[in-house]
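Visitor: Listed in order, the protein sequences are those of chains Z and X. Going by my numbering, 154 is the number at position 153 of the first sequence; the sequence numbering is gapless. Going by my numbering, 136 is the number at position 19 of the second sequence; the sequence numbering is gapless. Structure below; questions to follow.
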Amino acid sequence: MVATVLVVAMAVFLVLTVIPGDAARLMVGPEAKPERYAAARKALELDQPWPVRLGNWIWRALHGDLGASWRYPGWPVVSLLGQGLQITFPLAFLASLLSFVLGVLLGVASAAQLGRPPDLLLSGLSQLGLALPEFWLGILLILIFSVRGQLLPAGGFPGWTGERAWVYLLLPALTLALPRVAYFARLTRAVLADVLLLDFVRTARAKGLGERGVLLRHALRNALIPLVAGLGLTFGRLLAGALVVEQVFSLPGLGRYAVEAAFGRDIPLLLGLAVVAAAAVAGVSTVAEILYGFLDPRVRAP
Amino acid sequence: MSRLLLGFGLAGAGLLLVLLGLFWLPYEAEALSGPVLAPPSLAHPFGTDWFGRDVLSRVMAGGRLSWAVAFLSLAGGGLLGALLGLACGYFPKASPFIRLADALLAFPPVLLALLLAVLLGPGVGGVAAALALFNLPYFARLSHAGALELRVREFVVAARAVGAGSLRILARHILPNLASSLLVQATFSLSTSLLAEASLSYLGLGVQPPHPTWGRMLWEAQAWLFRSPWPAVFPGLALTGSVLGLNLLGDFLRDRWDPRLRRLP
Chain Z
2 MVATVLVVAM AVFLVLTVIP GDAARLMVGP EAKPERYAAA RKALELDQPW PVRLGNWIWR
62 ALHGDLGASW RYPGWPVVSL LGQGLQITFP LAFLASLLSF VLGVLLGVAS AAQLGRPPDL
122 LLSGLSQLGL ALPEFWLGIL LILIFSVRGQ LLPAGGFPGW TGERAWVYLL LPALTLALPR
182 VAYFARLTRA VLADVLLLDF VRTARAKGLG ERGVLLRHAL RNALIPLVAG LGLTFGRLLA
242 GALVVEQVFS LPGLGRYAVE AAFGRDIPLL LGLAVVAAAA VAGVSTVAEI LYGFLDPRVR
302 AP
Chain X
118 MSRLLLGFGL AGAGLLLVLL GLFWLPYEAE ALSGPVLAPP SLAHPFGTDW FGRDVLSRVM
178 AGGRLSWAVA FLSLAGGGLL GALLGLACGY FPKASPFIRL ADALLAFPPV LLALLLAVLL
238 GPGVGGVAAA LALFNLPYFA RLSHAGALEL RVREFVVAAR AVGAGSLRIL ARHILPNLAS
298 SLLVQATFSL STSLLAEASL SYLGLGVQPP HPTWGRMLWE AQAWLFRSPW PAVFPGLALT
358 GSVLGLNLLG DFLRDRWDPR LRRLP
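Dropping the structure here:
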């Protein structure tokens, strides 16, 4: 896990070093005196060769210091990331949970009735989920729930101290969740369709268990491991990839900082974001692997 | 069969609208041709926007860049990817270089797009190059796997035995056998490129104004959502329709030509 993060960080560092453009010049402005320009270059360590900068950066990162942001002067990257995570973490959590629950329900329904209406709904939904751009889905949901219905806020965030702050996360979470419902539903359906042909299912039916009991008590357990793996993957990806939807609903999460950093060529902030993204995906899959042991005794056995 | 018709219909309609727009637009895309924020009518089938510009004309003109970037990035990424994959699969000495494609695939996709957008700058060339890097690994992996598999087959060995050179074998014997799966991948790459271009220009990191693009139009229309939904509905409809159509077309072609890749029933 540490290795993954380190490799991604080094790759991003190298990519960002070859970007044309002079960060020190950007910082002091085109008419600055040569002394100020030289001082800025020294402050940004641009006078050092890149292996030295990479080494320094890794050394400080290991001590919890990711440097100071260029776009937001005076702010350490670490605290910007912390602020962004306060929004993005609950958002990603809510969205993956929502898509997981809806997806498993739809998957069970369609496995119980292969080729019948829930199954057809699923195949339509997976095509739409692939094709719908997230930002347009967000706009449509705003149209339905904010403009027409006036039920939910169309965007922004009052801060966690504000009244009913979580309401502002509902529409963004729904926007992120809907295209991913089909993924969980297909996963559930695929496993169930295989398992339902096995002997122990026939035994369960033969001893008189109802179809609901067979599906939920016996068959669905077999889908838990791929489902938890999928949940982990989705959550990790959303932490790094909720960027467009955060922009639609103007939420000040990690994605907002990513876009701002891209506009402002804020290299320390971009590097910090890359570290968070890699750590999120790697960390979540580690947690998922630990969970497998609890879910499936076969994984626990030596 | 219905998938073929629907796919062709949707993607064809999206592309046709844009191609027609190259020669003829109902109004100038930037002309103030009607009342402000009018709902759809006979004179303005898609309504008008906040300046009174015709939304249909802007959708037709805005698709030009989206489709152009998608085709350019497909051509670049597909060509380079196929070359890399074929070379690595056919010549054992070159095989370590396929790791380049794997490395591109391992990056978080959104972050990759963002980095490349910063790296290459705005403008058609920059965005197309960024998306080409996006497409490259898929073509590289496909042709790498194909070349590895076909290299040892009898017809290739026979061709080599009668004196055919490596280039001739690759071009005349191996590539034609991969053509169908590469073409299937091409339809999917085209649709993801369309989507990615729209996302980048929605974020303001794509091709810069004044050229309208579908993504940028949606970003601008969002500010007027509480006054009129129409400028935000139709560009999205054009984009989603085109992407959906291409995906359906790709599914159809895959089932037709490449039974091994067929999805679960």
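Even for Gly, the Cβ is constructed at its ideal location relative to N, Cα and C.
Output the boundary residues of the alpha helix (DSSP H) element that contains Z:Ala10.
Guide: Translated into positions along the first sequence, residue 10 of chain Z becomes position 9. Element bounds for Z:Ala10: 3-18.
Visitor: Quick check: the Cα distance between X:Leu72 and Z:Leu141, rounded to an integer number of angstroms?
Guide: Outside the modelled stretch of chain X, which goes from 118 to 382, sits residue 72 of chain X, for which no answer is possible.
Visitor: What did DSSP end up calling Z:Pro77 once you bin it into helix, strand or coil?
Guide: Indexing the first sequence from 1 puts residue 77 of chain Z at position 76. Here Z:Pro77 sits in strand by DSSP.
Visitor: For Z:Val3, which residues in the same chain have their Cβ closer than 7 Å to its Cβ, ignoring the five residues on either side in sequence?
Guide: As a working mapping, residue 3 of chain Z is identified with position 2 in the first sequence. Contacts found: none.
Visitor: Comparing the C-beta of X:Val96 with each C-beta of chain Z, is any distance below 8 Å?
Guide: Given that chain X is displayed from residue 118 to residue 382, the structure contains no residue 96 of chain X and the question cannot be resolved.
Visitor: Do Z:Leu225 and Z:Ala112 count as a contact pair if the criterion is CB distance below 8 Å?
Guide: Taking the first sequence and counting its residues from 1, the one referred to as residue 112 of chain Z is at position 111. Taking the first sequence and counting its residues from 1, the one referred to as residue 225 of chain Z is at position 224. No, the Cβ-Cβ distance between Z:Ala112 and Z:Leu225 is not below 8 Å.
Visitor: What are the boundary residues of the alpha helix (DSSP H) that includes Z:Thr189?
Guide: The residue labelled residue 189 of chain Z in the question sits at position 188 within the first sequence. Its alpha helix (DSSP H) spans residues 168-196.
Visitor: Can you name the residues of chain Z whose CB is closer than 9 Å to the CB of X:Asn252?
Guide: Residue mapping note: residue 252 of chain X aligns to position 135 of the second sequence, counting from 1. The contacting residues do not exist; X:Asn252 stays about 16 Å from chain Z at best.
Visitor: Report the rounded CA-to-CA distance for X:Gly124 versus Z:Leu99, giving the unit in angstroms.
Guide: The residue you call residue 124 of chain X lines up with position 7 of the second sequence. The residue you call residue 99 of chain Z lines up with position 98 of the first sequence. Separation of X:Gly124 and Z:Leu99 (C-alpha to C-alpha, rounded to the nearest whole angstrom) is 30 Å.
Visitor: Which of helix, strand or coil does DSSP assign to Z:Thr204?
Guide: Walking along the first sequence from the start, residue 204 of chain Z turns up at place 203. Assigned with DSSP and collapsed to three states, Z:Thr204 falls in helix.
Visitor: Can you check DSSP and say which residues form a bridge with Z:Ala69?
Guide: Position 68 of the first sequence, counted from the start, is the residue given in the question as residue 69 of chain Z. DSSP, once it has assigned bridges, lists Z:Pro77 as partnering Z:Ala69.
Visitor: Rounded to the nearest angstrom, what separates X:Asn364 and X:Ser306 at their Cα positions?
Guide: The residue labelled residue 364 of chain X in the question sits at position 247 within the second sequence. The residue labelled residue 306 of chain X in the question sits at position 189 within the second sequence. Each residue's alpha carbon lies about 9 Å from the other.
Visitor: Would the beta-carbon of X:Gly168 fall within 8 Å of that of X:Leu149?
Guide: Here residue 168 of chain X corresponds to residue number 51 of the second sequence, with the count starting at 1. Here residue 149 of chain X corresponds to residue number 32 of the second sequence, with the count starting at 1. Strictly speaking, residue 168 of chain X in this sequence is Phe, with Gly absent from that position. Yes.
Visitor: Is there at least one Cβ from chain Z nearer than 8 Å to X:Pro157's Cβ?
Guide: In the second sequence, counting from the first residue as 1, residue 157 of chain X sits at position 40. Contact of X:Pro157 with chain Z is not assigned, every C-beta pair being separated by 8 Å or more.
Visitor: What separation, rounded to the nearest whole angstrom, lies between the Cα atoms of Z:Phe136 and X:Tyr207?
Guide: The residue you call residue 136 of chain Z lines up with position 135 of the first sequence. The residue you call residue 207 of chain X lines up with position 90 of the second sequence. Each residue's alpha carbon lies about 42 Å from the other.
Visitor: So which of X:Val273, X:Thr330, X:Ala296 has the shortest CA-CA distance to X:Leu311?
Guide: As a first step, residue 311 of chain X must be located in the second sequence, where it is residue number 194. Closest option to X:Leu311, Cα to Cα, is X:Thr330.
Visitor: Report the start-end ranges of each alpha helix (DSSP H) in the stretch 208-244 of chain Z that is 4 residues or longer and not cut off at the edges.
Guide: Contiguous alpha helix (DSSP H) elements confined to the stretch 208-244 of chain Z occur at 225-242, taking only those with 4 or more residues.
Visitor: With a CB to CB cut of under 7 Å and the five nearest residues on each side skipped, what residues in its chain are close to Z:Gly265?
Guide: As a working note, residue 265 of chain Z is residue 264 in the first sequence. For Z:Gly265, where only same-chain residues beyond five positions count, the Cβ hits under 7 Å are Trp71, Arg72.
Visitor: Could you give the uninterrupted runs of the alpha helix (DSSP H) lying entirely in the stretch 252-305 of chain X, keeping only those of 4 residues or more?
Guide: As far as the stretch 252-305 of chain X is concerned, its whole alpha helix (DSSP H) runs of at least 4 residues are 271-278.
Visitor: CB-CB under 6 Å to X:Gly263, same chain, minus the five flanking residues each way: which ones, in chain order?
Guide: Stepping through the second sequence from its first residue, residue 263 of chain X is reached at position 146. Closer than 6 Å at the Cβ level, and outside the excluded window around X:Gly263, lie Leu295.
Visitor: Is X:Leu361 near the ligand COA, judged by its Cβ being under 7 Å from some heavy atom?
Guide: Absence of the ligand COA from the depicted structure is noted, as is the absence of any ligand whatsoever, leaving it without description.
Visitor: Let's test the definition: count the other Cβ atoms within 10 Å of the Cβ of X:Ala373 and tell me whether it reaches 16, buried, or not, exposed.
Guide: Your numbering for residue 373 of chain X matches position 256 in the second sequence. Before going on, a small fix: residue 373 of chain X reads as Arg here, not Ala. X:Arg373 is exposed by the Cβ-count criterion.
Visitor: Label Z:Gln248 either buried or exposed according to how many other C-beta atoms from any shown protein chain fall within 10 Å of its C-beta, with 16 as the threshold for buried.
Guide: In the first sequence, counting from the first residue as 1, residue 248 of chain Z sits at position 247. Looking at its Cβ environment, which holds 16 or more other Cβ atoms inside 10 Å, Z:Gln248 is buried.
Visitor: Considering Cα atoms alone, identify which of Z:Gly160, Z:Phe94, Z:Leu255 is closest to Z:Leu177.
Guide: As a position in the first sequence, residue 177 of chain Z is number 176, starting the count at 1. For the residues Z:Gly160, Z:Phe94, Z:Leu255, the minimum Cα distance to Z:Leu177 belongs to Z:Phe94.
Visitor: In chain order, what residues of the stretch 120-141 of chain Z put their CB closer than 9 Å to some CB of chain X?
Guide: So the close ones are Gln128, Leu129, Leu131, Ala132, Leu133, Pro134, Glu135, Phe136, Trp137, Leu138, Gly139, Ile140, Leu141.
Visitor: Could one say the Cβ of X:Phe125 lies closer than 8 Å to chain Z's Cβ atoms, at least one of them?
Guide: Residue 125 of chain X sits at position 8 when you count from the first residue of the second sequence. Answer no: the Cβ-Cβ gap between X:Phe125 and chain Z never drops below 8 Å.
Visitor: Assuming Z:Ala183 and Z:Gly237 make a contact with CB atoms under 8 Å, what is their CB distance in whole Å?
Guide: Translated into positions along the first sequence, residue 183 of chain Z becomes position 182. Translated into positions along the first sequence, residue 237 of chain Z becomes position 236. About 19 Å; that fails the 8 Å criterion.
Visitor: For Z:Gly296, which residues in chain X fall below 8 Å Cβ to Cβ?
Guide: Locating residue 296 of chain Z in the first sequence gives position 295, where the first residue counts as 1. A small correction: the amino acid at residue 296 of chain Z is Leu; Gly does not occupy that position in the sequence shown. Within chain X, no residue comes near Z:Leu296; the closest Cβ sits about 23 Å away, beyond 8 Å.
Visitor: At which residues does the alpha helix (DSSP H) containing X:Pro352 begin and terminate?
Guide: The residue labelled residue 352 of chain X in the question sits at position 235 within the second sequence. Note, X:Pro352: alpha helix (DSSP H), 347-374.
Visitor: Taking X:Thr330 as the query, report the chain Z residues whose CB atoms sit under 9 Å from its CB, ordered along the chain.
Guide: Within the second sequence, numbered from 1, the residue matching residue 330 of chain X stands at position 213. Neighbours of X:Thr330 on chain Z: none; closest Cβ ~12 Å, over 9 Å.
Visitor: Locate the alpha helix (DSSP H) running through Z:Thr287, then write down its first and last residues.
Guide: Counting from one through the first sequence, the residue named residue 287 of chain Z turns up at place 286. Looking at the DSSP string, the run of the alpha helix (DSSP H) that includes Z:Thr287 is 268-296.
Visitor: Kindly indicate which residue of Z:Pro154, Z:Gly160, Z:Thr89 has the alpha-carbon position closest to the one of Z:Val277.
Guide: To locate residue 277 of chain Z, count along the first sequence from 1; it is residue 276. Of the listed residues, the one whose Cα sits closest to Z:Val277 is Z:Thr89.
Visitor: What in chain X is Cβ-close to Z:Leu144, meaning under 7 Å?
Guide: The residue you call residue 144 of chain Z lines up with position 143 of the first sequence. The contacting residues are Leu342, Pro346.
Visitor: What's the gap between the Cα of Z:Gly68 and the Cα of X:Val186?
Guide: Taking the first sequence and counting its residues from 1, the one referred to as residue 68 of chain Z is at position 67. Taking the second sequence and counting its residues from 1, the one referred to as residue 186 of chain X is at position 69. Those two C-alpha atoms are separated by around 36 Å.
Visitor: Helix, strand or coil, according to DSSP, for X:Thr309 in the structure here?
Guide: Translated into positions along the second sequence, residue 309 of chain X becomes position 192. Residue state, collapsed to three classes: helix.
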